[in-house]
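To start, the structure under review is shown below, and the notes come after it.
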Amino acid sequence: MSERRDHAKDFWQAVALSADIGQRPKRVFFEGAPLVLFRSAQGIAALFDRCPHRLVELSTGKVVGGEIECPYHGWRYDGEGRCTAIPGHVGAMPHYRVRRYAAIERDGVVFVSSGAPQGEPYLHCMEGKDIIARRVRSSTQSTVIDAAENILDATHTHFTHKGLLRGLTSKRHLVRVEVTGGEGWVEACYTGEDRQQGLISRLLEGERAKTIGRFHHPGIAELEYWGKEGLVLATTFHLRQADERTVEGVGWLIGQRQGLLGELKALAFKPLFTIALHQDRRVLKSASDNARFAPPALPVIGPLDFLRRDIAAIMEGKMPPSASEPRVYQIEL
Ligand code: FES
Ligand SMILES: [Fe+2]
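All residue numbers for the sequence shown refer to my numbering, where the first residue is 31 and numbers rise by one.
See below:
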């Protein structure tokens, strides 16, 4: 019989920062399942976080010689999920195993997959360039679509991030927005924006030529700030639904390396970004809390919500509407 496999799951998803996994195992939630991440003899390992013996969380055990030891009776599992030791048992080992997930570490981030991806994981939009990057992670009470849209939505910045990303005045500028898409991605390109007057913009950017907000499958949201000379500053966030109400994100804040100035800017970027993240988490939590009241919530997709339908289509594995019909808008930003 020829081997048939479902390739629909053959992609990587970022689940943790490498720095979070040291001597101790770490539990993460992935596609509705608890996983334990630990450092095995062969590198980073991801197993279903449940001992097959009496179902205890392996992540509450410890790593011994590159294997995870269950805290209840001490059964051990290697990075492949094979049971290698049953303390006290004499004789041949029975073949027990825990489900293993593909896992890989790249640029300080741990990626896992429930399929068998062939290629390398996508990291961020400034890969291969001379950059300064900071890694960040976040946890937000929301859904992936709401969190991704929030990252890419320019119109909330006037209110949620007043003073930080936008100026304190209400002066707006006419901006052209082009929305294009293809299989698994959609982006909105903003041109004609005057330099944003907020604190972050003043500090970090020179003259701005364009801004791009992009989403790609399965839950990657990224922002690119282009100057006259090219891509200057970017963030790429890998989002996933950890549980019903929680979105976890692992991402990069990236700046072009410009000697000492670049270092200083990168140093300032993270704390400012952290404030913005906190402001976003607050509104997203408010929406999530409020959504559970009857009648069931169906959010309005307003005239400025350029990407919502496209993101929804991509998340459902469909072609985004922008792939066949690119759109152009004029708005005041
Ligand atoms: S429950 Fe894990 S060893 Fe018994
Ligand atoms: Fe925001």
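Glycine is no exception: its CB is placed at the ideal position from the N, C-alpha and C atoms.
Exposed unless 16 or more other CB atoms sit within 10 angstroms - verdict on residue i
i, result
"Val358", "exposed"
"Arg69", "buried"
"Thr304", "exposed"
"Leu328", "exposed"
"Phe101", "Note on residue identity: the sequence assigns Pro, not Phe, to residue 101. It is exposed - the Cβ of Pro101 has fewer than 16 other Cβ atoms within 10 Å."
"Asn180", "buried"
"Gln43", "buried"
"His37", "exposed"
Test item: CB-CB of residue i and residue j under 8 Å
i, j, result
"Gln53", "Val93", "yes"
"Ile361", "Val205", "yes"
"Pro82", "Tyr126", "yes"
"Val277", "Thr170", "yes"
"Trp256", "Ala239", "yes"
"Ile161", "Gln286", "yes"
"Ser316", "Thr210", "no"
"Phe245", "Ile116", "no"
Top-ranked residue by Cα proximity to residue i, from the options
i, options, result
"Asp79", "Gly73, Ala71 and Gly91", "Gly91"
"Val9", "Tyr152, Ile341 and Arg129", "There is simply no residue 9 to check, as the chain begins at 31 and stops at 363 in what is shown."
"Glu355", "Gly212, Glu135, Phe189 and Glu157", "Gly212"
"Val58", "Glu259, Glu346, Gln271 and Arg339", "Gln271"
"Gly104", "Leu88, Glu110 and Gly62", "Leu88"
"His191", "Met349, Asp310 and Ile51", "Asp310"
"Tyr220", "Thr241, Leu67, Val174 and Gly109", "Thr241"
"Phe189", "Asp340, Ala306 and Glu293", "Ala306"
"His268", "Ala324, Ile175, His308 and Phe323", "Ile175"
"Leu297", "Arg165, Cys155, Met156 and Asp50", "Arg165"
"Gly111", "Ala122, Gly96, Gly292 and Gly118", "Gly96"
"Ala184", "Tyr107, Ser172, Arg136 and Ala218", "Ala218"
"Ala71", "Ala321, Tyr107 and Ser168", "Tyr107"
"Ile51", "Gly138, Arg84, Pro117 and Leu253", "Gly138"
"Ser144", "Arg129, Glu150 and Gly158", "Arg129"
Supposed contact pair residue j and residue i - C-beta distance, whole angstroms, cut 8 Å
i, j, result
"Lys39", "Ala46", "That belief does not hold up - the Cβ atoms of Lys39 and Ala46 are roughly 19 Å apart, past 8 Å."
"Ile250", "Thr265", "Not quite, the Cβ-Cβ distance comes to about 11 Å (not below 8 Å), so this is no contact."
"Leu337", "Leu182", "6 Å"
"Ala76", "Ile341", "Not quite, the Cβ-Cβ distance comes to about 27 Å (not below 8 Å), so this is no contact."
"Pro248", "Phe41", "6 Å"
"Val142", "Phe60", "6 Å"
"Leu261", "Met156", "6 Å"
"Leu283", "Lys258", "In fact, because the Cβ distance is near 22 Å, the residues do not count as touching under 8 Å."
CB contact check: residue i to chain B, cutoff 8 Å
i, result
"Thr190", "Note that chain B does not occur in the displayed structure, where there is just one protein chain."
Requested in this report: Mind listing which residues have their beta carbon within less than 5 Å of any non-hydrogen atom of ligand 1? Chain order is fine.
Outcome: Going by the Cβ distance cut-off, the answer is Cys81, His83, Arg84, Val86, Cys100, Tyr102, His103 and Trp105.
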